[in-house]
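Accompanying notes for the structure given below.
This is the structure we're talking about:
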């Protein structure tokens, strides 16, 4: 489950479900720059 966020050079933002064809197209595009947005551990207090 989950989703991906895409934005273009005009600043338009879109959300894509991970099971969508659009998401898979972005993930498989080697030219597309990808960023991880989820922490892998809890923040220290």
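In the working numbering, the protein residues as written are 64 to 108.
For glycine and all other residues, C-beta sits at the position ideal for the given N, C-alpha and C.
inquiry  = Under DSSP, the alpha helix (DSSP H) around residue 86 begins and ends at which residues?
reply    = Looking at the DSSP string, the run of the alpha helix (DSSP H) that includes residue 86 is 84-91.
key: Beta carbon of residue 78 nearer than 8 angstroms to that of residue 90   = Not closer than 8 angstroms, so no.
task = Have a look at the DSSP bridge pairing and note the partners of residue 68.
result = Paired residues: 78.
Among 96, 87, 107, 104, the one whose alpha carbon lies nearest that of residue 70 = Nearest neighbour of residue 70 by Cα position, chosen from 96, 87, 107, 104, turns out to be 96.
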